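Please read the structure below before turning to the comments.
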Amino acid sequence: MNDLSLTILPETVKDAQAIDRLHERTFGPGRFVLSAYRLREHVDHLLELSFTARIGTLLVGSVRQLPICVGDTPALLLGPLTVEPPFRKRGVGRALLDRALKEAKARGHRLVVLVGDEPYYGRVGFKVIPKGRATMPGPVDYGRLLVAELVEGAFTDVSGAIGPDWSMAR
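Reminder that position 73 of the sequence shown reads as 540 in our numbering, one-by-one numbering, no gaps.
So this is what it looks like as structure tokens:
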């Protein structure tokens with residue numbers, strides 16, 4: 468990011484439309500059939516744990532987190548994380564991830580789950596959830612179901628279905 472002046476800020480309500488357009492451009496209409504979207508249908512993401520990346524006033528990336536449970540254990544679902552294609556491979560995604568995980572830990576969260584590529588997300592501490600430890604609604608490639616412990620050992624005795632944190636449901 469040495470040639471770009473990047474600003475990472477908490478998402479605001481005013482960002483929703485621009486972020487929705489970003490998701491549409493980068494993920495297309497097929498995004499709505501993904502398992503993670505089944506969880507997003509019931510619980511809103513947390514603005515204080517969701518962030519935007521801007522260069523000047525231009526929105527170039529976004530990451531969101533929403534409250535879920537793995538069995539009875541509270542956790543966060545990270546995603547979607549997206550960056551405008553011309554700004555990829557310049558550290559924008561990593562800056563968004565770092566900020567989201569740092570803020571989640573600072574606010575007392577212990578676990579973050581996502582569906583994504585382990586080679587990319589493993590750089591910030593995500594690991595594949597062992598087979599059979601967690602399930603998600605709909606089809607999912609369980610080799611891409613990842614967890615990051617924000618507190619060492621937080622995932623040790625956790626297992627079960629991943630679902631919305633119904634205490635936060637709309």
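Every residue gets a Cβ at the ideal spot worked out from N, C-alpha and C, and that includes glycine. None of these values were measured; they are calculated from a predicted model.
Below 6 Å CB to CB, which residues in the same chain sit around Phe509 once its five sequence neighbours on both sides are set aside? Here the question's residue 509 lines up with position 42 in the sequence shown. First, the residue type needs correcting, since residue 509 is His and not Phe in the sequence shown. Cβ-Cβ distances below 6 Å link His509 to Pro631 and Ala636 in the same chain, with the five nearest sequence neighbours on each side left out; the list follows chain order.
Anticipated Cβ contact below 8 Å, Arg574 with Leu516, distance rounded: Numbered from its first residue, the sequence shown carries residue 574 at position 107. Numbered from its first residue, the sequence shown carries residue 516 at position 49. Right, their Cβ atoms sit about 7 Å apart.
Hey, how far is the Cα of Lys556 from the Cα of Leu473? Along the sequence shown, one-based indexing puts residue 556 at 89. Along the sequence shown, one-based indexing puts residue 473 at 6. If you take the alpha carbons of Lys556 and Leu473, they lie about 14 Å apart.
Run through DSSP, which three-state label would Val500 get? Translated into the one-based positions of the sequence shown, residue 500 becomes position 33. Since pLDDT at Val500 reaches only 49, below the 50 mark, its modelled position is unreliable, and no value is offered.
Could you compute how far the alpha carbon of Trp633 sits from the alpha carbon of Ile535? Locating residue 633 in the sequence shown gives position 166, counting from the first residue. Locating residue 535 in the sequence shown gives position 68, counting from the first residue. Their backbone Cα atoms lie some 8 Å apart in a straight line.
For Arg488, count neighbouring C-beta atoms within 10 Å of its own C-beta (all shown protein chains included) and say buried if the count is 16 or more, exposed if not. Against the sequence shown, residue 488 aligns to sequence position 21. With fewer than 16 other Cβ atoms within 10 Å, it is exposed.
Among Leu514, Leu506, Arg492 and Thr493, nearest to Lys481 - alpha-carbon criterion: To locate residue 481, count along the sequence shown from 1; it is residue 14. Of the candidates Leu514, Leu506, Arg492 and Thr493, the one whose C-alpha sits nearest the C-alpha of Lys481 is Leu514.
Ile486 to Asp511, Cα distance in whole Å? Along the sequence shown, one-based indexing puts residue 486 at 19. Along the sequence shown, one-based indexing puts residue 511 at 44. The alpha-carbon atoms of Ile486 and Asp511 are separated by roughly 14 Å.
Residue nearest to Pro586 in terms of C-alpha spacing, selected from Arg521, His490, Leu612 and Leu617: Residue mapping note: residue 586 aligns to position 119 of the sequence shown, counting from 1. Closest by alpha carbon: Leu612.
Please report the distance separating the alpha-carbon of Ala601 from that of Pro541. Residue numbering aside, residue 601 sits at position 134 when the sequence shown is read from its first letter. Residue numbering aside, residue 541 sits at position 74 when the sequence shown is read from its first letter. Their backbone Cα atoms lie some 13 Å apart in a straight line.
When Gln532, Gly558 and Leu548 are compared against Glu570, the one with the closest alpha-carbon: Along the sequence shown, read from residue 1 onward, the residue named residue 570 stands at position 103. Considering only alpha carbons, the answer is Gln532.
Go ahead and pull the three-state DSSP assignment for Arg456. Outside the shown range of the chain, which is 468 to 637, sits residue 456, and nothing can be said about it.
At what residues does the alpha helix (DSSP H) containing Pro586 begin and finish? Here residue 586 corresponds to residue number 119 of the sequence shown, with the count starting at 1. DSSP places Pro586 in the uninterrupted alpha helix (DSSP H) bounded by Glu585 to Tyr588.
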